[in-house]
Amino acid sequence: MMTTPWYLKEKVLFSICFLVPPIAYMIVIGNKKKLERKRYLEYLTLATIMVSIWLLKFTPGPIRLSVLMTIILILLYRCIKKTKK
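Going by the numbering used here, the sequence shown opens with residue 9, and the numbers climb by one from there.
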């Protein structure tokens, strides 16, 4: 019987993607074959979104606000588009 390592369990990996995206990239990409395709893409997407928010810390104030609002609007648009189908 093969058990899943603690760092590949759903809640742990989600937390790592949310809190420490660079480490999550290494875990997700390093274990690509062990993860299902859908789960792999979900965690990779979450880590990418969190890294983009992390990078906003290093941009000037007005640019930070405009980029953050653009990200939020794109995500809202996709959610609304998905619910209409």
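Ideal Cβ placement from N, Cα and C applies to all residues, glycine included.
What do you get for Ile-24, buried or exposed, if any count of 16 or more other CB atoms within 10 angstroms of its CB means buried?
Position 16 of the sequence shown, counting from 1, holds the residue named residue 24. Result: buried.
Starting from Val-59, trace the alpha helix (DSSP H) in both directions and tell me its first and last residue.
Taking the sequence shown and counting its residues from 1, the one referred to as residue 59 is at position 51. 45–63 is the span of the alpha helix (DSSP H), which, as asked, contains Val-59.
Residue nearest to Leu-49 in terms of C-alpha spacing, selected from Ile-80, Leu-21, Arg-72 and Pro-70
One-based indexing of the sequence shown puts residue 49 at position 41. It is Leu-21 whose Cα lies nearest to the Cα of Leu-49.
Among Pro-29, Thr-91 and Val-75, which has the Cα closest to the Cα of Thr-53?
Locating residue 53 in the sequence shown gives position 45, where the first residue counts as 1. The option with the nearest alpha carbon to Thr-53 is Pro-29.
Find the nearest neighbour of Thr-12 within the set Gly-38, Ile-61, Leu-43 and Met-34, judged by alpha-carbon distance.
On the sequence shown, residue 12 is found 4 positions in, with the first residue counted as 1. Of the candidates Gly-38, Ile-61, Leu-43 and Met-34, Leu-43 places its Cα closest to the Cα of Thr-12.
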